[in-house]
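S.K.: Note that the protein sequences, when read in sequence, are chains A and B. Here numbering that gives the first Met the number 0 is used: the first residue of the first sequence is 0, the next is one more, and so on. Here numbering that gives the first Met the number 0 is used: the first residue of the second sequence is 0, the next is one more, and so on. Where is the CB? At the ideal position from N, CA and C, for every residue including glycine. Quantities reported herein were computed from a predicted structural model and do not represent experimental measurements.
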Amino acid sequence: MKTYLVQRLGIGLLTLVGMSIVIFALLRFAPGDIVDILFSTGGYVRPEERIAIMKELGIDKPYTVQYAEWMGQLLRGELGMSYNYGVPAWEVIRPKIPVTLELAVLATIVAVLLGVPTGVISAVRQDTTLDYVLRVVSLAGLSMPSFWLGMVIILGMVAWLGWIPPITYVSPAENFHMHALQFALPALAVGYRSSALITRFTRSALLEVLREDYIRTAWAKGQSGRIVIWSHALKNAMLPVITVIGIEFAFLIGGLIVTERVFNLPGVANYLVEAILARDYPIVQNLVMFIAVVVILSNLAVDLLYGFLDPRVRYGD
Amino acid sequence: MKRIRFVSAMMALAGAGLLLCPGPAAAQTPKSGGSLNIMLREDLSQGFAIHETSTISTVWPAMPCLSNLVIFDPAKPTESAETIVGELAEKWSWQDHYRNLVFFLRKDVKWHDGKPFTSKDVKFTFDMLREAPDAPGKLRINPRKDWYSNIEAVEAAEPYTVVFRLKRPQPSLLLMLASGYSPVYAAHVNPAVYRTGCIGTGPFKLKEWRKGEFADYVKNPDYFVKGRPYLDALRYIVIKERGTRIAALQSGQLDVSFPGETTKTAAEQLKKAVPQLVVTPVGQMVNDNIILNTKKPPFDNPKVRLAVSYAIDRRALIQAVHQGGAVPGAAMAPKPYGVWGLMGNTLAALPGYGKPEDMKAKARKLLAEAGITPQKPLQVEMSTRAIPIYVDMASFVINELKQVGIEASLKQIETSQWHATATRGEYQIGANLTGIGVDDPDGNFYENYACGSPRNYSHFCSEELMKMVDRQSQEIDPKKRLEMVAAIQKKIEDEASRPMLDWRLDYFTHWPHVHGLVAHHNIYNFGRMQDVWRDK
Chain A
0 MKTYLVQRLG IGLLTLVGMS IVIFALLRFA PGDIVDILFS TGGYVRPEER
50 IAIMKELGID KPYTVQYAEW MGQLLRGELG MSYNYGVPAW EVIRPKIPVT
100 LELAVLATIV AVLLGVPTGV ISAVRQDTTL DYVLRVVSLA GLSMPSFWLG
150 MVIILGMVAW LGWIPPITYV SPAENFHMHA LQFALPALAV GYRSSALITR
200 FTRSALLEVL REDYIRTAWA KGQSGRIVIW SHALKNAMLP VITVIGIEFA
250 FLIGGLIVTE RVFNLPGVAN YLVEAILARD YPIVQNLVMF IAVVVILSNL
300 AVDLLYGFLD PRVRYGD
Chain B
0 MKRIRFVSAM MALAGAGLLL CPGPAAAQTP KSGGSLNIML REDLSQGFAI
50 HETSTISTVW PAMPCLSNLV IFDPAKPTES AETIVGELAE KWSWQDHYRN
100 LVFFLRKDVK WHDGKPFTSK DVKFTFDMLR EAPDAPGKLR INPRKDWYSN
150 IEAVEAAEPY TVVFRLKRPQ PSLLLMLASG YSPVYAAHVN PAVYRTGCIG
200 TGPFKLKEWR KGEFADYVKN PDYFVKGRPY LDALRYIVIK ERGTRIAALQ
250 SGQLDVSFPG ETTKTAAEQL KKAVPQLVVT PVGQMVNDNI ILNTKKPPFD
300 NPKVRLAVSY AIDRRALIQA VHQGGAVPGA AMAPKPYGVW GLMGNTLAAL
350 PGYGKPEDMK AKARKLLAEA GITPQKPLQV EMSTRAIPIY VDMASFVINE
400 LKQVGIEASL KQIETSQWHA TATRGEYQIG ANLTGIGVDD PDGNFYENYA
450 CGSPRNYSHF CSEELMKMVD RQSQEIDPKK RLEMVAAIQK KIEDEASRPM
500 LDWRLDYFTH WPHVHGLVAH HNIYNFGRMQ DVWRDK
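#1: For B:Arg209 and B:Val281, what's the separation of their Cα atoms in angstroms?
#2: Do you know whose CA, among A:Ile108, A:Val64 and A:Arg75, lies nearest A:Ile244's CA?
#3: Quick one: which chain A residues come within Cβ less than 9 Å of B:Lys489?
#4: Can B:Met381 and B:Val396 be called in contact, C-beta distance under 8 Å?
#5: How many Å lie between A:Leu206 and A:Gln222 at the Cα?
#6: Judging by CA-CA distance, which residue of A:Asp35, A:Ile153 and A:Val208 is the nearest neighbour of A:Glu259?
#7: Against A:Asp35, what residues of chain B qualify as contacts under a CB-to-CB distance less than 7 Å, listed in chain order?
#8: Kindly indicate if chain B contains any beta-carbon less than 8 Å away from that of A:Met150.
#9: Taking the Cβ atom as the reference point for each residue, do A:Gly41 and B:Pro142 lie within a distance shorter than 8 Å?
#10: Please classify A:Asp309: does DSSP put it in a helix, a strand, or coil?
#11: Taking a cut of 8 Å between CB atoms, which residues from the stretch 207-227 of chain B lie near chain A?
#12: Looking at the secondary structure, which residues open and close the alpha helix (DSSP H) in which B:Asn443 lies?
#13: Anything in chain A within Cβ reach of B:Lys239, meaning under 8 Å, just list it in chain order.
#14: Quick one: which chain B residues come within Cβ less than 8 Å of A:Ile96?
#15: Within 10 angstroms of the Cβ of A:Trp229, are there 16 or more other Cβ atoms? Answer buried if so, exposed if not.
#16: Could you check the C-alpha separation between B:Leu205 and B:Leu65 for me, to the nearest Å?
#17: Taking 8 Å as the threshold (C-beta atoms), are B:Ala310 and B:Lys359 in contact?
#18: Roughly how many whole angstroms lie between the Cα atoms of B:Trp417 and B:Gln275?
#19: For A:Gly155, does the count of other Cβ atoms within 10 angstroms reach 16, so buried, or fall short, so exposed?
#20: In angstroms with no decimal places, state the Cα-to-Cα distance between B:Ala25 and A:Pro87.
#21: What's the gap between the Cα of B:Arg480 and the Cα of A:Lys95?
#22: Is the stretch 20-37 of chain A touching the stretch 274-293 of chain A, taking contact as three or more C-beta pairs under 8 Å?
#23: Who are the Cβ neighbours of B:Lys106 in its own chain at under 7 Å, not counting the five residues just before and after it?
#24: State the beta-bridge partners of B:Ile428 as determined by DSSP.
#25: Can you name the residues of chain B whose CB is closer than 7 Å to the CB of A:Tyr168?
#26: Starting from the beta carbon of B:Ser53, find every residue of chain A whose beta carbon is closer than 7 Å, and list them in chain order.
#27: Exposed or buried, which one is B:Tyr184 when buried takes at least 16 other CB atoms within 10 Å?
#28: Looking at the strands, I want to know which residues DSSP matches up with A:Met80.
#29: Cα separation between B:Ala348 and B:Ala306?
#30: Against A:Leu154, what residues of chain B qualify as contacts under a CB-to-CB distance less than 8 Å, listed in chain order?
#31: Kindly indicate if chain B contains any beta-carbon less than 8 Å away from that of A:Arg93.
#32: Let me make sure I understand the geometry here. Which of A:Gly79, A:Leu15, A:Trp162 and A:Asn263 has the alpha-carbon closest to that of A:Thr99?
#33: Counting only beta-carbon atoms, is A:Pro30 nearer than 8 Å to chain B?
#34: Where does B:Phe71 fall in DSSP's three states?
#35: Between which two residues does the beta strand (DSSP E) holding B:Arg209 run?
#36: Report the rounded CA-to-CA distance for B:Val468 versus B:Cys460, giving the unit in angstroms.
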């Protein structure tokens, strides 16, 4: 177990180094830099002003030096200064992380609570009207982008109720009720899409398990349907479902861009786009690294969960 | 005759729109207290550093913090020399045949950090802006340096008197000083500080700027106008998604819209959903124009340029692209939105304003004279900024050009690259939007048409035109100057280096409980909020 963990963390570290090179290079190869953005907002930047700003921000240095400086900062636990705001990048990023994490966790909970039972019912009632209805609902979830659904929810609410959730972030300490309302709708919009995927995986995995000999034996022994399905079948069908949940959660960390934007939530994903458009390298680089860390850790967590769900899984010690 | 009727009809319609709107609640007694939620469509670019940007996204939310020497009367939508009122200056006086401008400053003004405001602050600000050799302050970028190029010296011999000494008479200077782009910075504060915070003398003090979310202001208890501001607080809320912005306004989470944000169609939808919303059609002081690179073939040929101008049906463009939410005009905004614009017969006689088939026939004739025929069409690349308000206009123009034998392909330029590309002249023909900071010939002509100006994107340089611009700049008689400005506009359109297509309108929207907020015909010059109050 220990060796496995060390190996996985080592691979994770290598992945992070690779990611850092890719994001660093992509940002530099993309047309324009922060001075072009200032040009755009100011209407004009004189050549001498351009040189001075590039020097001030350190983007006049060779790429290798810029990369080494960034890595040095990361090792020291620093994230540099935001080009756009002129304050430490951590100061800008820090308040946004809990928002995205909370939305991703809530959306995942919604997805699991909707997706797993629906998948089970759909499998148990295979080829019945209920199964068809649930499959259509899940297919609709996969077909509808969550941002579109989010916008429909917002426009529907304002048209019929004359009300929308709060448009500025309300912390739970400030007003828990409003906070819950603010997160409920985006979590539902995103969770519904993810639940559709989970439904389909749960259904197919469960159908496969339900055809196994040991299930037939359990039925033959006269065990109740509840015990057969939920204790014997579902536990064994959960491995692929857990994988999907892990992947979906990791995807949500960086994939909530438009949902956060539609519901005006000040999260990481929403801000990442702004930072890319502003060519705010320190913010973009460090946000991407944060997302990469979450993806690596959630994948690791999923792999470790396998061992708990299936005792046959061993971690190469 | 039809052309005249069209232009007159457009003006009448616009005027009627204004009349339909409720005016300021003059009869009501203002109430103190309460707060307003105000729309922002993007975060503050460069914080509150108005002098380092040229965007409404900075000016609008930074206005309540700062003050000018003079300002356009907040209660009057049209801006001119006659509507200028004092702000930090109690009074002012032109002396020595418009060579010296003397300001007498208020003595009861304090910065938000408690330090007194004096003439040193004014000298600091304007020496920094004109980049005087001994200026103690320096901006990172200085986009409006040219506005102050005629200032020879700023003298602050006494604590409450400032003298602007000019190289030559320039009545326009006062108008530029009244713009939202001309606040006074504190001499004791590093100008870089304004990128992250705000120390001003305005009616509201910055409480918090949560980046990407909102900027919160509280009432300045030491504000120099007694009894103002009425409101206790302001919150400028950043909402990047357009649909959410409109929903937030409709649901009442926002009290006030963002200047230049509400199109005619959006306003109609909002009014239908919430009939009590107050919608005021005003000019944006933003125009659509075509930039033609006069340094490169084929647009170094005046006939080809003029053909482009003739080919574009302005009337159809206003209907198709803006659904009627714009008005025709030449280089200066037309009345009632501006003071200097061409009107009536003069405007109707310009290329592109006549009967479409006649205009297009003229365009084909000019192209034929330049050797371009349907058998041998001209192929060009139409560049534009890759955002819908530019692309929609460019697409319409491409279709118009095709009808006269110019085949243009659309090249979308990433938004951050657009201005730099245009300044460098790395394009053939472009669809562009230009915002005018102040409705004044100097502010517009020197910036957009002067030889060597970085924002003269067409790179057109005419000595004769520049002489005309210089002459009008020094003219003191308003009537004579108006005639000179009209002649310049006509010449600009005849040269067709930057054919003007239309002037955009804004349908500024707020809830009826908001009083005292008068939208101006220039998005950059209102929003101090000192006279705004709410009755809910």
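M.R.: Reading it off the structure:
#1: In the second sequence, counting from the first residue as 1, residue 209 of chain B sits at position 210. In the second sequence, counting from the first residue as 1, residue 281 of chain B sits at position 282. Answer to the nearest angstrom: the Cα atoms are 31 Å apart.
#2: Position 245 of the first sequence, counting from 1, holds the residue named residue 244 of chain A. The option with the nearest alpha carbon to A:Ile244 is A:Ile108.
#3: On the second sequence, residue 489 of chain B is found 490 positions in, with the first residue counted as 1. Under the 9 Å cutoff, chain A gives no residues; its nearest Cβ is about 26 Å from B:Lys489.
#4: Reading the second sequence from its first residue, position 382 is the one you call residue 381 of chain B. Reading the second sequence from its first residue, position 397 is the one you call residue 396 of chain B. Yes, these two residues count as a Cβ contact at 8 Å.
#5: In the first sequence, the residue the question calls residue 206 of chain A occupies position 207. In the first sequence, the residue the question calls residue 222 of chain A occupies position 223. Cα to Cα, A:Leu206 sits roughly 18 Å from A:Gln222.
#6: Within the first sequence, the letter at position 260 stands for residue 259 of chain A. Closest by alpha carbon: A:Ile153.
#7: For the purposes of this step, residue 35 of chain A is identified with residue 36 of the first sequence, where counting begins at 1. Correct list: Ser415, Gln416 and Ala419.
#8: As a working note, residue 150 of chain A is residue 151 in the first sequence. True, the Cβ-Cβ gap to chain B drops below 8 Å.
#9: On the first sequence, residue 41 of chain A is found 42 positions in, with the first residue counted as 1. On the second sequence, residue 142 of chain B is found 143 positions in, with the first residue counted as 1. Yes, the Cβ-Cβ distance between A:Gly41 and B:Pro142 is below 8 Å.
#10: As a first step, residue 309 of chain A must be located in the first sequence, where it is residue number 310. A:Asp309: coil per DSSP, three-state reduction.
#11: Arg209, Lys210, Gly211, Glu212 and Phe213
#12: Your numbering for residue 443 of chain B matches position 444 in the second sequence. Residues Pro440 to Asn447.
#13: Locating residue 239 of chain B in the second sequence gives position 240, where the first residue counts as 1. Simply Arg260, Asn263, Asn269 and Glu273.
#14: Sequence index remark: in the first sequence, residue 96 of chain A carries index 97 (1-based). The premise fails here: A:Ile96 is roughly 13 Å from chain B at the closest Cβ pair, so nothing lies under 8 Å.
#15: Position 230 of the first sequence holds residue 229 of chain A. With fewer than 16 other Cβ atoms within 10 Å, it is exposed.
#16: Here residue 205 of chain B corresponds to residue number 206 of the second sequence, with the count starting at 1. Here residue 65 of chain B corresponds to residue number 66 of the second sequence, with the count starting at 1. One C-alpha to the other measures close to 10 Å.
#17: By one-based count along the second sequence, residue 359 of chain B stands at place 360. By one-based count along the second sequence, residue 310 of chain B stands at place 311. Closer than 8 Å, so yes.
#18: Mapped onto the second sequence, residue 417 of chain B falls at position 418. Mapped onto the second sequence, residue 275 of chain B falls at position 276. Approximately 40 Å between the Cα atoms of the pair.
#19: Translated into positions along the first sequence, residue 155 of chain A becomes position 156. So A:Gly155 ends up on the exposed side.
#20: Indexing the second sequence from 1 puts residue 25 of chain B at position 26. Indexing the first sequence from 1 puts residue 87 of chain A at position 88. Only weak support exists for where B:Ala25 lies, its pLDDT of 48 falling under 50; the value from the coordinates is given anyway. The straight-line gap from Cα to Cα measures roughly 48 Å.
#21: By 1-based counting over the second sequence, the position of residue 480 of chain B is 481. By 1-based counting over the first sequence, the position of residue 95 of chain A is 96. Going by the C-alpha atoms only, they are around 55 Å apart.
#22: By the Cβ criterion, the stretch 20-37 of chain A is in contact with the stretch 274-293 of chain A, since at least three pairs of Cβ atoms, one from each stretch, lie closer than 8 Å.
#23: For the purposes of this step, residue 106 of chain B is identified with residue 107 of the second sequence, where counting begins at 1. Sequence-distant Cβ neighbours of B:Lys106 in its own chain, meaning closer than 7 Å and more than five residues away, are Tyr159.
#24: Numbered from 1 along the second sequence, position 429 holds the residue referred to as residue 428 of chain B. Residue pairing of B:Ile428 in beta bridges, as defined by DSSP: B:Leu291 and B:Met381.
#25: By one-based count along the first sequence, residue 168 of chain A stands at place 169. Correct list: Glu212.
#26: For the purposes of this step, residue 53 of chain B is taken as the residue at position 54 of the second sequence. Within chain A, the residues near B:Ser53 are Thr40, Gly41 and Gly42.
#27: As a working mapping, residue 184 of chain B is identified with position 185 in the second sequence. B:Tyr184 comes out buried.
#28: Against the first sequence, residue 80 of chain A aligns to sequence position 81. Answer is A:Pro87.
#29: Position 349 of the second sequence, counting from 1, holds the residue named residue 348 of chain B. Position 307 of the second sequence, counting from 1, holds the residue named residue 306 of chain B. Approximately 15 Å between the Cα atoms of the pair.
#30: Working through the first sequence from its first residue, we reach residue 154 of chain A at position 155. Neighbours of A:Leu154 in chain B, taken as residues whose beta carbon is under 8 Å from its own, are Gly242 and Ala246 in chain order.
#31: As a position in the first sequence, residue 93 of chain A is number 94, starting the count at 1. So, not an interface residue.
#32: The count along the first sequence starts at 1 and reaches residue 99 of chain A at position 100. Out of A:Gly79, A:Leu15, A:Trp162 and A:Asn263, A:Asn263 has the C-alpha closest to the C-alpha of A:Thr99.
#33: Along the first sequence, one-based indexing puts residue 30 of chain A at 31. Cβ-Cβ to chain B under 8 Å: yes for A:Pro30.
#34: The residue you call residue 71 of chain B lines up with position 72 of the second sequence. The answer is strand: DSSP assigns B:Phe71 an E or B state.
#35: Position 210 of the second sequence, counted from the first residue, corresponds to residue 209 of chain B. Note, B:Arg209: beta strand (DSSP E), Phe203 to Arg209.
#36: As a working mapping, residue 468 of chain B is identified with position 469 in the second sequence. As a working mapping, residue 460 of chain B is identified with position 461 in the second sequence. Rounded to the nearest angstrom, the two C-alpha atoms are 12 Å apart.
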